[in-house]
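Enquirer: Numbered by the working numbering, the letters in the sequence shown go through residues 2 to 380 in order. Glycine is no exception: its CB is placed at the ideal position from the N, C-alpha and C atoms. The following block contains the structure, expressed as structure tokens.
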Amino acid sequence: MKIATKFIHAGAEPDPSTGAIMTPIYQTSTYVQEAPGVNKGYEYARSQNPTRKALEDAYATIENAKYALAFSSGVAATDSVMKLLQPGDEVIAANDMYGGTYRLFTKVYERFGIVFKYTDTTNVSNVKQLITAKTKLVWIETPTNPLMNITDIAAVAAITKAAGILLCVDNTFASPYLQNPLDLGADIVMHSATKYLGGHSDVIQGCLMMNDSALKDQLYFIQKSCGAVPGPMDCFLVLRGIKTLHVRMQRHCENGEKIAHYLRNHPKVKKVYWCGFEDHPGYTVARQQMRGFGGMMSFELKDDSVATATKVLSSTKLFSLAESLGGVESLINHPASMTHASIPREERIKHGLSDALIRLSVGIEDADDLMADLEQAIG
Ligand SMILES: *Cc1c(COP(=O)(O)O)cnc(C)c1O
Numbered sequence: 002m003k004i005a006t007k008f009i010h011a012g013a014e015p016d017p018s019t020g021a022i023m024t025p026i027y028q029t030s031t032y033v034q035e036a037p038g039v040n041k042g043y044e045y046a047r048s049q050n051p052t053r054k055a056l057e058d059a060y061a062t063i064e065n066a067k068y069a070l071a072f073s074s075g076v077a078a079t080d081s082v083m084k085l086l087q088p089g090d091e092v093i094a095a096n097d098m099y100g101g102t103y104r105l106f107t108k109v110y111e112r113f114g115i116v117f118k119y120t121d122t123t124n125v126s127n128v129k130q131l132i133t134a135k136t137k138l139v140w141i142e143t144p145t146n147p148l149m150n151i152t153d154i155a156a157v158a159a160i161t162k163a164a165g166i167l168l169c170v171d172n173t174f175a176s177p178y179l180q181n182p183l184d185l186g187a188d189i190v191m192h193s194a195t196k197y198l199g200g201h202s203d204v205i206q207g208c209l210m211m212n213d214s215a216l217k218d219q220l221y222f223i224q225k226s227c228g229a230v231p232g233p234m235d236c237f238l239v240l241r242g243i244k245t246l247h248v249r250m251q252r253h254c255e256n257g258e259k260i261a262h263y264l265r266n267h268p269k270v271k272k273v274y275w276c277g278f279e280d281h282p283g284y285t286v287a288r289q290q291m292r293g294f295g296g297m298m299s300f301e302l303k304d305d306s307v308a309t310a311t312k313v314l315s316s317t318k319l320f321s322l323a324e325s326l327g328g329v330e331s332l333i334n335h336p337a338s339m340t341h342a343s344i345p346r347e348e349r350i351k352h353g354l355s356d357a358l359i360r361l362s363v364g365i366e367d368a369d370d371l372m373a374d375l376e377q378a379i380g
């Protein structure tokens, strides 16, 4: 089945009790049982909910996975993966990733005795060198937030498979429309569904997809035991979002390409970080593992003072100054003070995330209007 058909029909079965074409919002905490232990597969809504089940089926379908689990947020999904580990276990993680993932690793899981080793995963031999007998998991993000670095998923998967350790890929930036890490050998895919999957900036949610049934059982046990489950209304919203993911992503890609080139040709712009440029260091790998380059990018002005960046950030009218990404409306963000403020300044600068970097989540408005907005803001 082709992707457009798949995304629209993913998880969609008419409701068995009424035939409703849209999965109802099963706003219930519990289910009446016929006799003790005799039920319809639903006992208590932390463990099972029909709206969530429909969404989890959709999640599995869009990532070509056998199984999927929905969580109350993207970080709750990440947190559940970390709970597979024991004190003393080692994790190799990308040094350029979502600030909240870094905060969870350093501020929460280091306290529980998990050891994190950060490296530039765009060079996969760095990953190989850091593996020890204690390494249990490799965590990567590609493209990265906000510098749009590309890691070769299949190459890292070959290393983790040989070493018998897990590879988890945060696929939030690409979305399943552009990239499917399980097909490239990853063990777990994580998404912040808050972003492209929901797509309308109206819900917080996360998910994990996987093919191994024992791994699914472990993660389901963690989910049920720790309780980071999404509510049925939120599941309904993401189910609805997924139906238009492919058309939204097509426009995000088209607009992204136009705006990346516009910025690159702008006399006041020093550098644009977007993985669709042929001279981007990850371009060849991006072409291999992605079906398009998306609408996320960052840039620096030639006048790279924070004051000038702040002026641009406060002057756009269509690009709203806000955290988050992946919605239909365009957003502008200052990673150093907003999404990545939890990363110490020296760490940020060392990895190329300057104080004056501006990140764009290009929405699906008219590209000419978006360029005019940037033009008046950059001046
Ligand atoms: C937003 C985001 C997360 C965290 O997801 P939440 O839904 O906000 O908890 C993780 N990874 C990436 C790449 C993100 O953009």
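1) For residue 103, count the other beta carbons within 10 Å of its own beta carbon; 16 or more makes it buried, fewer makes it exposed. Which is it?
2) For residue 346 and residue 188, I'd like the C-alpha separation in whole angstroms.
3) Take residue 95 and list the residues in its own chain whose beta-carbon comes closer than 6 Å to its own, dropping the five residues that flank it on each side.
4) Skipping 5 residues on each side, what residues in its chain have a beta carbon closer than 6 Å to that of residue 100?
5) Given 7 Å as the limit, tell me if residue 50 has its C-beta closer than that to any heavy atom belonging to ligand 1.
6) For residue 7, tell me which candidate among 30, 66 and 54 has the shortest Cα-Cα distance.
7) Is residue 88 buried or exposed, if buried means 16 or more other CB atoms sit within 10 Å of its CB?
8) By DSSP's criteria, residue 117 is part of a beta bridge. Which residues make up the other side?
9) Could you give the first and the last residue of the continuous beta strand (DSSP E) run that contains residue 264?
10) Suppose you measure from the CA of residue 165 to the CA of residue 114; what does that come to, to the nearest Å?
11) Is residue 300 helix, strand or coil when you go by DSSP?
12) Identify which residue in 170, 376, 135 and 175 has its Cα closest to the Cα of residue 295.
13) Can you name, in chain order, every residue of its own chain whose Cβ lies under 7 Å from the Cβ of residue 324, other than the five neighbours on each side?
14) Can you look up residue 334 in the DSSP assignment and give me helix, strand or coil?
15) Looking at C-alpha atoms only, which residue of 194, 168, 337 and 149 is the closest neighbour of residue 184?
16) So, is residue 124 buried or exposed, given that buried needs 16 or more other C-beta atoms within 10 angstroms?
17) Going by other Cβ atoms of all chains shown within 10 Å of its Cβ, with 16 needed for buried, is residue 60 buried or exposed?
18) Tell me which residue opens and which closes the beta strand (DSSP E) that residue 189 is part of.
19) Please list, in chain order, all residues of the same chain as residue 50 whose beta carbon is under 6 Å from its beta carbon, the five residues on each side excluded.
20) Residues in its own chain within less than 6 Å of residue 317 by CB, not counting five upstream and five downstream?
21) Count the other CB atoms within 10 Å of the CB of residue 45; is the residue buried (16 or more) or exposed (fewer)?
Expert: This is what the structure gives:
1) It is buried - the Cβ of residue 103 has at least 16 other Cβ atoms within 10 Å.
2) 32 Å
3) 122, 141 and 142
4) 340, 341, 343 and 344
5) No; taking the cut-off as 7 Å, the Cβ of residue 50 has no heavy atom of ligand 1 nearer than that.
6) 66
7) exposed
8) 92
9) Counting along the chain, residue 264 falls outside any beta strand (DSSP E), though it belongs to the alpha helix (DSSP H) covering 246-265.
10) 21 Å
11) In the three-state reduction of the DSSP assignment, residue 300 falls in the strand class.
12) 175
13) 334, 339 and 340
14) strand
15) Among 194, 168, 337 and 149, the Cα nearest to that of residue 184 is on 168.
16) Exposed, because fewer than 16 other Cβ atoms sit within 10 Å of the Cβ of residue 124.
17) buried
18) Annotation: the continuous beta strand (DSSP E) that includes residue 189 extends over 189-193.
19) Answer for residue 50: 27 and 233, listed in chain order.
20) 333, 374 and 378
21) exposed
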